[in-house]
Amino acid sequence: MTTLFKLVVNVEQDVVQARQRTRELAEQLGFETQEQVRLATAVSELARNAFQYAKGGTVEYYVEGEPQTFLVRVQDQGKGIPHLADVLEGRYTSSTGMGVGLVGTRRLMDFFEIESLPEQGTTVVVGKPLPKRAPTLTASQLRQLQEAVTARSPQNPYEEVQRQNQELLQAMADLRKREDELTQLNQELEDTNRGVVALYAELDEKASSLQQANELKTRFLSNMSHEFRTPLNSILSLSRMLLARMDGDLTAEQEKQVTFMQKAASGLSELVNDLLDLAKVEAGKIEVRPSAFEVSDLFGTLRGMLRPLLVEGTSVALIFEEPEGLPTLYNDESKVAQILRNFISNALKFTEQGEVRVTATHAGHMVVLSVSDTGIGLTPEDQERIFEDFVQIESPLQKQVKGTGLGLPLARKLAELLGGSLSVHSQPGQGSTFAVSLPIVYPHATELPSLLQPIAPLKAAHLPILAVEDHTETLFIYEKHLQESRYQLIAARTLADARKALQQLRPAAIILDILLDGQNGWTFLRELKSDEATRSIPILVITVIDNEQQALALGADAFLIKPVDRLPLLSKLNRLVSQGKAQTLLLVDDDPAYRYVVKQLLAETPLQILEAVNGQEGFALAETAQPTAILLDLEMPEVSGFDVLDRLKHNPNTQAIPVIIYSSTQLDIEAQSRLTAQSIAILSKETTAQAATLAQLRDAFVKAGLVLEP
Numbered sequence: 000m001t002t003l004f005k006l007v008v009n010v011e012q013d014v015v016q017a018r019q020r021t022r023e024l025a026e027q028l029g030f031e032t033q034e035q036v037r038l039a040t041a042v043s044e045l046a047r048n049a050f051q052y053a054k055g056g057t058v059e060y061y062v063e064g065e066p067q068t069f070l071v072r073v074q075d076q077g078k079g080i081p082h083l084a085d086v087l088e089g090r091y092t093s094s095t096g097m098g099v100g101l102v103g104t105r106r107l108m109d110f111f112e113i114e115s116l117p118e119q120g121t122t123v124v125v126g127k128p129l130p131k132r133a134p135t136l137t138a139s140q141l142r143q144l145q146e147a148v149t150a151r152s153p154q155n156p157y158e159e160v161q162r163q164n165q166e167l168l169q170a171m172a173d174l175r176k177r178e179d180e181l182t183q184l185n186q187e188l189e190d191t192n193r194g195v196v197a198l199y200a201e202l203d204e205k206a207s208s209l210q211q212a213n214e215l216k217t218r219f220l221s222n223m224s225h226e227f228r229t230p231l232n233s234i235l236s237l238s239r240m241l242l243a244r245m246d247g248d249l250t251a252e253q254e255k256q257v258t259f260m261q262k263a264a265s266g267l268s269e270l271v272n273d274l275l276d277l278a279k280v281e282a283g284k285i286e287v288r289p290s291a292f293e294v295s296d297l298f299g300t301l302r303g304m305l306r307p308l309l310v311e312g313t314s315v316a317l318i319f320e321e322p323e324g325l326p327t328l329y330n331d332e333s334k335v336a337q338i339l340r341n342f343i344s345n346a347l348k349f350t351e352q353g354e355v356r357v358t359a360t361h362a363g364h365m366v367v368l369s370v371s372d373t374g375i376g377l378t379p380e381d382q383e384r385i386f387e388d389f390v391q392i393e394s395p396l397q398k399q400v401k402g403t404g405l406g407l408p409l410a411r412k413l414a415e416l417l418g419g420s421l422s423v424h425s426q427p428g429q430g431s432t433f434a435v436s437l438p439i440v441y442p443h444a445t446e447l448p449s450l451l452q453p454i455a456p457l458k459a460a461h462l463p464i465l466a467v468e469d470h471t472e473t474l475f476i477y478e479k480h481l482q483e484s485r486y487q488l489i490a491a492r493t494l495a496d497a498r499k500a501l502q503q504l505r506p507a508a509i510i511l512d513i514l515l516d517g518q519n520g521w522t523f524l525r526e527l528k529s530d531e532a533t534r535s536i537p538i539l540v541i542t543v544i545d546n547e548q549q550a551l552a553l554g555a556d557a558f559l560i561k562p563v564d565r566l567p568l569l570s571k572l573n574r575l576v577s578q579g580k581a582q583t584l585l586l587v588d589d590d591p592a593y594r595y596v597v598k599q600l601l602a603e604t605p606l607q608i609l610e611a612v613n614g615q616e617g618f619a620l621a622e623t624a625q626p627t628a629i630l631l632d633l634e635m636p637e638v639s640g641f642d643v644l645d646r647l648k649h650n651p652n653t654q655a656i657p658v659i660i661y662s663s664t665q666l667d668i669e670a671q672s673r674l675t676a677q678s679i680a681i682l683s684k685e686t687t688a689q690a691a692t693l694a695q696l697r698d699a700f701v702k703a704g705l706v707l708e709p
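400 is the number that numbering that gives the first Met the number 0 gives to position 401 of the sequence shown; each next residue is one higher, with no gaps.
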């Protein structure tokens, strides 16, 4: 930041001088005449406010940022502005006209920022980016400009008033010209409006009729579905009783007839249920109940539920790929399952041989659940028709299977209700892929998952990371990214929550979103870096706009663009938290071959590696050397890895050191659970591929807080 000039406002003449200095600086910086007037008017209004309401203040001019911006800070030590929000919204008036100047100033400026505290005064920063045609000013040029302005004597106040009068006369002439143009334009618009009003009236009448028809259809479907359910349930119950021979035996012909009745009633019941669900969705009466669930658990439930749909002796395989690396979903599990059941049942119906494969992938803030088959496929023109109510595509298989033609339309409406979308890719004779893309967190959730409470109790040996983010889904993703690492997320959805958190704890780093709803992240960044208590806390700015240079110029220590994957986030946090600290890894293993292999795998990293040949030596080195992380074998003579781990976690000097288990020991469920609670990761030495071993170790080291890149 380069300060150009600073003016103290003590008397009314200083207000005039503030206007003069603003115009002079704006002219020197290359602003056009109209922009000079706007800047001068805004600054003089703010200076007058400082003089009138706070008996004085300061006006400071400076250039900062990239692209360069001309900024003016007007500061006073008055009593502050009461009802500031009402003033800025134009809802507050007083006998002095308080608030009109601030509202007008904000409209004139490209940048406007205000902070006012009771009995502590008011600070207003306004500005405009330098004209695009103006060259970037060097530090030397800015110093020359500063010297020139400082040496220049202020003009006579009367000359300034005369100049203002000339500007007002010119502005009035321009306004009169525009008024004449507006009068002519208004006449033309008035003629056009008569036709538009008539058209709107007709459209409103048509829309009202359509709405009434839609409401009648929805009411009819809902009432009809409810009325049909009772007799259908009776038919199904009676047919089951007859087939169970509860009232005597049936002939072969009677059994065939009752079976046909039961199938017909089941098909009609399915149709009624689909109609009722559609009616609820269209009427907006269906309720979404989000909860946290794992995709792997959902697949396990569907696998058991849909296995009976496979016809005995069929050559179709139903395959569920095990999801890997997927976050926990916070959405309506039953409705997600309903969508997938529809996809899978359709795929099984229209696939004669081959497979039906169910997969899940992670893409940014979304999870994509797909069902692919090797069935008959669809033509391009049919791929949209299948989402129309009651539409069924003609095919040889269609005559063999029954359906309502409502499953896919209902699936699309449910996907949209959950904040997602549905898509299909297909080719005739080559199969189809139906996919639903869903947000990781239901966007209209009224409650956060329990793991996202604003101030959560700190876990032992974990470093707190304060995330200032108003987007529920992003907070949920950060929480999942930091799980099983040495960090613990502290969520703050507002700047007030963030300030409260900083009063209660000192985070190892701060993740800051700039685009907060109704709040200024840039102001908070300046506040953190100007406060002695928080200046040294590393700040990682993560936002959707690529404004890295501005973030770094205002004091941010690092920058990422949303969406952020787990590895880049952890790597960036590791680098920020470990700045200026030596990165040491302690290998505790009695096998020299394994120690050699690990050292070779880590040869290209900046890590310092310590070695311990047994458990006793490992614990002693951990206590004296205080390594960043420990890689621990379990099977060692005399003092085992289990004993070393227990001693590490019960010693105040070593309990915070992250431990990675690296062993070939076969663990039972109890041992696995105990080690999981005490370590960052559990890796097996049985992995033979070097690339896989290195990938596992790197992932575990990043979780443990190690910086692997030079």
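In this text, a Cβ means the ideal position worked out from N, Cα and C, and glycines have one as well.
Environment of residue i [buried if 16+ CB atoms lie within 10 Å]
i    : result
K398 : Confidence at K398 is low in this model, with a pLDDT of 47, below 50, so its placement is unreliable and no value can be given for it.
M635 : buried
P66  : exposed
Q119 : exposed
R485 : buried
R151 : exposed
Q548 : exposed
Y441 : buried
Q143 : exposed
Length of the line joining the Cα atoms of residue i and residue j
i    : j    : result
D545 : D469 : 19 Å
Q518 : L524 : 12 Å
Q16  : N9   : 11 Å
S431 : E321 : 21 Å
L129 : T68  : 5 Å
L241 : M260 : 11 Å
I717 : E603 : Residue coverage of the chain in this structure runs from 0 to 709, which leaves residue 717 outside it and unanswerable.
L515 : T373 : 47 Å
F700 : Q482 : 14 Å
L301 : Q382 : 25 Å
T40  : L553 : 28 Å
S115 : L693 : 55 Å
V196 : S207 : 16 Å
L368 : Q35  : 57 Å
L209 : G303 : 44 Å
A690 : V366 : 28 Å
V612 : V587 : 6 Å
Q27  : Q51  : 29 Å
Closer than 8 Å: residue i CB and nearest the ligand FAD heavy atom
i    : result
L494 : For the structure depicted, the ligand FAD is absent and the ligand set is empty, with no information on it obtainable.
Coarse secondary structure for residue i, derived from DSSP in three states
i    : result
V287 : coil
S115 : strand
M0   : coil
T68  : strand
K127 : strand
M108 : coil
Y230 : Inspection of the sequence shows that residue 230 is occupied by Pro rather than by Tyr. Note: P230 maps to helix in three-state DSSP.
L141 : helix
E356 : Here residue 356 is Arg; the residue named in the question, Glu, does not match the sequence. The answer is strand: DSSP assigns R356 an E or B state.
K319 : It is Phe, not Lys, that sits at residue 319 in the sequence shown. Here F319 sits in strand by DSSP.
G56  : strand
E531 : coil
I385 : coil
Sub-9 Å separation of residue i and residue j beta-carbons
i    : j    : result
E354 : L317 : yes
T2   : Q186 : no
Y661 : L630 : yes
F4   : Y60  : yes
L559 : K702 : no
F433 : N330 : no
V435 : G419 : yes
Y477 : A495 : no
E351 : I385 : no
Below-9 Å beta-carbon distance, residue i vs any chain B residue
i    : result
Y661 : The structure shown contains no chain B; it is built from a single protein chain.
| message | Three or more C-beta pairs under 8 Å: does that hold for the region 558-574 against the region 607-624? | response | The region 558-574 is not in contact with the region 607-624.
* Asked: Quick check: the region 110-126 against the region 29-49, are there 3 or more CB pairs under 8 Å?
  -> yes
Inset, instruction - Please determine if the region 644-660 and the region 672-685 are in contact, where contact requires at least 3 C-beta pairs separated by less than 8 Å. - result: yes
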